[in-house]
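Below is one structure, written out as structure tokens; the observations come after it.
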Amino acid sequence: MIRTKPLLTLLLCLFFFIIILKYRTLKNTILPSRIHILPSSPSTCLESYDSHKLHKSIFYMSMVHFRIPVKLSQFVENKTGFEIGAPSVTTWGNLGVYAAARVVDTTNFASQTFWESGLKDGGSFIWKNQTKGKQYIRDAVDLQGIPNEYYDFVCATDVLEHIANPFKALLEWLRIMKSGGLLLIIVPFKNVTFDRKRDVVRLEHLINDYHNKTSEADLSHLNEILLLHDVKRDLGVEKFQDFKTRSENNYKNRGLHQHVYDQELLYYIYLCLNLNIKIQYTWDYHNLIIGQKQ
Numbered sequence: 001m002i003r004t005k006p007l008l009t010l011l012l013c014l015f016f017f018i019i020i021l022k023y024r025t026l027k028n029t030i031l032p033s034r035i036h037i038l039p040s041s042p043s044t045c046l047e048s049y050d051s052h053k054l055h056k057s058i059f060y061m062s063m064v065h066f067r068i069p070v071k072l073s074q075f076v077e078n079k080t081g082f083e084i085g086a087p088s089v090t091t092w093g094n095l096g097v098y099a100a101a102r103v104v105d106t107t108n109f110a111s112q113t114f115w116e117s118g119l120k121d122g123g124s125f126i127w128k129n130q131t132k133g134k135q136y137i138r139d140a141v142d143l144q145g146i147p148n149e150y151y152d153f154v155c156a157t158d159v160l161e162h163i164a165n166p167f168k169a170l171l172e173w174l175r176i177m178k179s180g181g182l183l184l185i186i187v188p189f190k191n192v193t194f195d196r197k198r199d200v201v202r203l204e205h206l207i208n209d210y211h212n213k214t215s216e217a218d219l220s221h222l223n224e225i226l227l228l229h230d231v232k233r234d235l236g237v238e239k240f241q242d243f244k245t246r247s248e249n250n251y252k253n254r255g256l257h258q259h260v261y262d263q264e265l266l267y268y269i270y271l272c273l274n275l276n277i278k279i280q281y282t283w284d285y286h287n288l289i290i291g292q293k294q
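For the sequence shown, counting from 1, position 15 maps to 15 in full-length UniProt numbering; every step adds exactly one.
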């Protein structure tokens with residue numbers, strides 16, 4: 001006859017063993033979540049890139065909100081900001097950034113571009129008949145004269161894809177931003193743009209561009225762009241030959257999309273730079289990511 005007490009004790013021990021085993025398994029598994037973990041090291045991955053280590057934090061599409069943000073004013077209320085490539089009426093304007101921020105200084109790479117004209121270094125940035133801040137003429141990769149750790153946030157719409165050496169630019173943007181400040185970046189959603197035939201660039205390629213000191217005059221992607229650029233979706237292009245001629249003079253006009261991005265790449269770029277990712281949105285033809293500097 002089997003004694004029930006020893007059997008019950010054995011079953012209880014087995015039950016607790018299974019519970020402990022499941023707990024340890026869950027503890028070591030990174031699950032999809034909208035909560036992003038702050039990277040443990042204050043340094044960037046540029047010094048000693050380790051793909052395996054960086055990708056221990058797994059990106060899931062469930063992290064991205066597929067809708068237009070109602071407003072972004074809560075991130076910039078009464079803050080001092082700096083915009084690269086201003087103005088961006090349909091994004092930062094419509095999303096309430098200009099109205100909510102106390103000051104927004106701006107920069108562009110030249111006084112006349114495809115998108116703006118008559119810009120003046122030292123002039124004023126005017127929004128709805130009010131002076132919001134200063135206008136600078138600076139290259140996105142060299143914000144000479146802009147003080148260190150001065151701004152509460154830095155924002156850029158449809159700028160990063162035009163830059164040949166994006167990590168050089170991003171480090172400059174972080175340089176002028178206070179600890180705890182926010183970096184807000186919008187890049188095109190490639191599936192609905194003229195980049196739809198191109199591949200998303202690899203993070204390793206961007207890191208190599210940084211270490212190789214790639215200049216903004218670089219045209220190493222020109223053949224790929226000319227081959228895969230969907231001219232029918234580019235409203236600024238009437239004839240392919242005109243696009244080719246313009247692209248060959250890219251350093252003067254900065255019209256090329258040097259690289260193509262998606263939300264996953266943005267996620268790992270931010271992790272590489274040791275930014276705490278706050279939120280990601282995709283809507284219409286925009287990919288937005290917001291991260292906080294440590």
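Note that the Cβ used here is the ideal one computed from N, Cα and C, for glycine as well.
Query                                                                                                           : Result
DSSP three-state assignment for Gln258, whether helix, strand or coil                                           : coil
Met177, buried or exposed, once every other Cβ within 10 Å from all chains shown has been counted against 16    : buried
Alpha-carbon to alpha-carbon, Thr107 and residue 295                                                            : With the chain covering only 1 through 294, there is no way to say anything about residue 295.
Helix, strand or coil at Val76 [DSSP, three-state]                                                              : helix
Closest residue to Ala156 among Ile186, Asp50, Lys120 and Val97 (Cα-Cα distance)                                : Ile186
Residues near Thr25 in its chain [Cβ-Cβ closer than 8 angstroms; skip 5 each side]                              : The predicted position of Thr25 is uncertain, since its pLDDT is 40 and thus under 50; a value taken from the coordinates is nonetheless stated next. Nothing listed; no residue qualifies.
Those runs of the beta strand (DSSP E) which lie wholly inside the segment 124–179 and span at least 3 residues : 130–137 and 151–157
Which of helix, strand or coil DSSP assigns to Thr113                                                           : coil
Expected contact under 8 angstroms - CB spacing of His286 and Asp195 to nearest Å                               : No, His286 and Asp195 are not in contact; Cβ-Cβ is about 13 angstroms, not under 8 angstroms.
Classification of Leu275 by the beta-carbon crowding that lies within 10 angstroms, buried from 16 upward       : buried
Beta-carbon gap between Val104 and Gly122 smaller than 9 angstroms                                              : no
Cβ separation of His52 and Glu161, assumed to be a contact under 8 angstroms, to the nearest whole Å            : Not confirmed; about 27 angstroms, so no contact.
Integer Cβ distance of Glu116 from Leu143, believed to fall under 8 angstroms                                   : About 18 angstroms separates the two Cβ atoms, so there is no contact after all.
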